[in-house]
Every structure is written in C-alpha cells, then in structure tokens.
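Q: Reading the sequence shown from the start, the letters are residues 1205 to 1379 in my numbering. Think of the CB as a built atom: it goes at the ideal place given N, C-alpha and C, for glycine as much as any other residue.
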Amino acid sequence: MNWLDWTLLILLAFAALQGFTHGFIREVAALVAWVAGIWAAIHLSDRFAGWIGLDPEQTLLAFLVTFLIVLAGVHLLGRALTTAIDAAQLSLPNKLAGVLFGVLRKAFVLSVLLNILFAKEAATWTPDKATREGSSLYSPIRAFAPMIVPALGETKWVRKAVDRVQQEMKAATED
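1. What's the gap between the Cα of residue 1291 and the Cα of residue 1278?
2. Under a three-way DSSP split, which group does residue 1371 fall into?
3. Just reading off the alpha helix (DSSP H) that residue 1223 is part of, what are its end residues?
4. With distances taken Cα to Cα, identify the nearest neighbour of residue 1349 among 1378, 1315, 1377 and 1342.
5. Between 1289, 1261 and 1211, which lies nearest to residue 1311 when the distance is taken from Cα to Cα?
6. Between which two residues does the alpha helix (DSSP H) containing residue 1297 stretch?
7. Kindly give me the distance between the Cβ atoms of residue 1305 and residue 1228, rounded to whole angstroms, as I take these residues to be in contact under 8 angstroms.
8. For residue 1285, which residues from the same chain have a beta carbon less than 6 angstroms from its beta carbon, with the 5 sequence-adjacent residues on both sides left out?
9. Could you give the DSSP three-state label for residue 1334: helix, strand or coil?
10. Just verifying my parser: in three-state terms, what is the DSSP assignment at residue 1341?
As structure tokens, then:
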C-alpha cells in the first residue's frame, strides 16, 4: 500500500464514521435534500420569488432561498425519521446501513474526482503513473462511477432527465 491507498482509505474511513454517526436515514435525507433542493430551485424559484414579493432581478436570491428552504425541510424530515427509528429501537441497523451508504457515496464522489483529475495526464501535481499502478484502491475506486452511471442511464427517469437537459441546452444555444 502506498500513500495514495492510505489517502483513499482515510477518506473512506471518515465516510464510514460519518455514516455510522448519522445513520442511513440522515445520510439518504442529505443526498435527497441536495437533489430536491437543486431541482426545486431550478423549477420553482421564479414562482417563489413572485409569491414572497421579490423583484424579477433578484433571481439568484430566490434561487438560494428556495434551495435553502427545501434543504432545511428535508433535513428536518430526516431528523424526525431518525428519531422515530431510534424510538423503535432500530438504531443499530440504521447506523450500520449508514456506514454502507456513506462509504458507497464517498467512493462515488472519489471516483468522479479521480476520473476528472486523471482524464488528462497533464497535471504535474497528481500522483505519477507508478504510484497509481502500485495502488490497490485506485483502480477499483476510479472504475466505480463509470460502472454506476451507465447503469443509471438504463433507467427511464434518468433518460428523460438527460433528454430534457439536452433539449434545454439546444434551445439556449439557438437563442
């Protein structure tokens, strides 16, 4: 094991600890909060701005307020569900599932970062080829996101979302 393995292992261990302390429900709620917050801010911030009386020029403020409200709401819901899980004495399974989810989520993020960093070999501050080849964790972690993303692409809702983004980008470039 080289320094790259130790770095990746420490990051995954931190994710496991965080997953254990937060539990599965809070970990999933955090992920859902970000996705739902971004979606709501993109699709509902204009309506929300009019509803609370913001000027049309204050779209960024409306975006941020919408995002933060959804983020806080889902976070509170996650906390309430975690409290209910603890009251039902299911705390240990919740925490153990949180470890698994936390590690998988961090592995996905690390995989995306590794794929971005090493897409081009031009960066001088990245680990050299010998370090990457000598690493036990580098290859499996780097391969994780590309393995998951094509699997997600097979689902109907992801295909619809990708098609919609492509249509909106095409419409934006035509204007």
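A: Considering the structure as presented:
1. Distance between the alpha carbons of residue 1291 and residue 1278 is about 20 angstroms.
2. Residue 1371 falls in the helix class under three-state DSSP.
3. Run containing residue 1223: 1207–1256, per the alpha helix (DSSP H) assignment.
4. Looking at the Cα atoms, 1315 is the closest of the given residues.
5. Closest option to residue 1311, Cα to Cα, is 1211.
6. It spans 1295–1321 - the alpha helix (DSSP H) in which residue 1297 sits, taken as one unbroken run.
7. Contact between residue 1305 and residue 1228 holds: CB atoms are separated by about 5 angstroms, below the 8 angstroms threshold.
8. Only residues of its own chain outside the window of five on either side were considered, and among them 1229 have a CB closer than 6 angstroms to the CB of residue 1285, listed in chain order.
9. Helix.
10. Coil at residue 1341, not helix or strand.
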